[in-house]
Amino acid sequence: MYIEDEIAALKKEKQAIILAHYYVPDEVQEYADFVGDSFGLAKKAIETDAKVIVFAGVDFMGESAKMLNPEKKVLMPNATASCPMAHMADVKTIEKVRSQYDDLAVVCYVNSTAAVKAVSDVCVTSSNAVKIVRKLPNKHIFFTPDRNLGHYVSTQVPDKHFILNDGFCPRHDTVDPAYVKQVQAAHPQALFLAHPECRKEVLALADYVGSTSGIIDYAGKSDAKEFIIGTEGGVFYELETRNPGKTFYPAMEDAYCINMKKVTLEKVRDCLRDETNEVRVDPDVAGKAVRSLERMLELAK
Ligand code: 13P
Ligand code: SF4
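FYI, numbering that gives the first Met the number 0 numbers position 157 of the sequence shown as 156, with every residue one higher than the one before it.
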């Protein structure tokens, strides 16, 4: 039997759904039931009435899906697919910053551990961070873990005071503005669409800044025919499928997130068949962390 048929049969038997991020390999995106950015995936995880969720993505995504759906079984195709940035924040630093400001909101990017979410006031994704931070009543914002997204949000919400944690995405943080300028010079008609995890020097060159879904939607609606893409290379699958008449150039030489690429179709089949790599979160931690996720869902409306 072909692997695609095996997966289809297993999904039916187990009442399962496959959710995938835009960065996982093309063939996993092709056979997923829903492909999205972090926010879209979190919402989809709540809406589905499937009994089992196979989360084709990295650790924090599976954890969030589980905390929002404690009664569902959430399976990760590869238990070692982990976002390094999510581990660049810690509870001690948050407690220290909290003790220094009276009127502080701790805002954690969804790319964070459940323990960090549990001591945060609200969670955000790249698609809703600006909207949510603008709505917070607090004057001081501690943004963790991503210093680049935090800096970008601070430029969009200038009336607040930001303290930034020093985390970063190893992939987006290394996008080189000099390289982007070379690509722009080679393709002067192309619009540059960048993810806010890139450094401020890169974002300064961008025609549009947004999440993976934001970039895909923008390219689809735009009249331009050429685009330089400042995010992980997995988005090219959706960009090229949706826009056969448009051309996309990467803004970096090595555009791949090694952790997202660990999620293969074979591993999707195996975890569904054997029900392995089930996501488990300490109930005490989950009970607190889910509040910051639920507040995000509320404030993003
Ligand atoms: P999005 O929410 O934009 O899909 O980003 C997730 C991510 O990990 C970016 O590196
Ligand atoms: Fe984490 Fe960066 Fe990979 Fe996104 S691209 S999952 S932030 S390492």
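Each residue gets a CB set at the ideal place from its N, CA and C atoms; glycine is no exception.
Just so it is clear, the structure is predicted and the values come from calculations on it, not from any experiment.
Leaving out five residues on either side along the sequence, give the residues of the same chain with a beta carbon under 8 Å from the beta carbon of residue i.
{"i": "V280", "result": "E62, K65, M66, A113, A288"}
{"i": "D36", "result": "H20, Y21, T124, S125, S126, S210, T211, S212, G213"}
{"i": "K72", "result": "K50, V51, I52, E274, E277"}
{"i": "Q183", "result": "A189, F191, L204, I227"}
{"i": "V234", "result": "Y21, Y22, T211, I214, I215, I228"}
What residue range is occupied by the uninterrupted beta strand (DSSP E) comprising residue i?
{"i": "Y301", "result": "For the chain, the structure presents residues 0 to 300; residue 301 sits outside this window and is missing."}
{"i": "L264", "result": "Careful: L264 lies outside any beta strand (DSSP E), inside the alpha helix (DSSP H) at 264 to 273."}
{"i": "E277", "result": "Taken as a continuous stretch (DSSP letters only), E277 belongs to no beta strand (DSSP E), as it is neither H nor E."}
{"i": "A15", "result": "15 to 20"}
{"i": "G229", "result": "225 to 229"}
{"i": "L163", "result": "160 to 163"}
For residue i, which residues of its own chain have a beta-carbon under 6 Å away from its beta-carbon, when the five flanking residues on both sides are left out?
{"i": "L135", "result": "A104"}
{"i": "L9", "result": "L271, R272"}
{"i": "G56", "result": "H20"}
Which residues in the same chain as residue i place their Cβ atom closer than 7 Å to its Cβ, once the five residues preceding and following it in sequence are excluded?
{"i": "E3", "result": "Y30"}
{"i": "M84", "result": "N110, P144, D145, G166, F167, C168"}
{"i": "H186", "result": "E225, I227, Y248"}
{"i": "G232", "result": "P249, A254, Y255"}
{"i": "F161", "result": "I140, F142, G149, S153"}
By the DSSP assignment, the alpha helix (DSSP H) with residue i in it spans what residues?
{"i": "K72", "result": "Premise fails: K72 lies in the beta strand (DSSP E), 72 to 74, not in any alpha helix (DSSP H)."}
{"i": "G213", "result": "211 to 220"}
{"i": "E239", "result": "234 to 241"}
{"i": "R146", "result": "146 to 155"}
Does the segment 189 to 201 come close enough to the segment 147 to 164 that 3 or more CB-CB pairs lie under 8 Å?
-> yes
Okay, do the segment 282 to 299 and the segment 38 to 57 touch, 3+ Cβ pairs below 8 Å being the bar?
-> yes
Per the contact definition of three or more C-beta pairs closer than 8 Å, is the segment 162 to 179 in contact with the segment 141 to 149?
-> yes
Which whole runs of the alpha helix (DSSP H) in the segment 86 to 144 are 4 residues long or more, in chain order?
-> Fully enclosed alpha helix (DSSP H) runs of 4 or longer: 90 to 99, 113 to 117, 128 to 134.
Touching or not, the segment 87 to 103 and the segment 269 to 276, by the rule of three or more beta carbon pairs under 8 Å?
-> no
Touch test, the segment 67 to 80 against the segment 250 to 267, Cβ-Cβ under 8 Å, three pairs minimum = Yes, the segment 67 to 80 touches the segment 250 to 267.
Who's in the neighbourhood of ligand 2, going by beta-carbon under 7 Å from any heavy atom, listed in chain order?
-> Y22, V57, C82, P83, M84, A85, N110, C168, P169, R170, H171, E196, E231, C256, N258, M259
Any alpha helix (DSSP H) of 4 or more consecutive residues that is wholly inside the segment 29 to 89 | You should have 37 to 46, 58 to 67.
Hey, which unbroken runs of the alpha helix (DSSP H) at 4 residues or more fall wholly within the segment 174 to 202?
-> 176 to 185, 199 to 202
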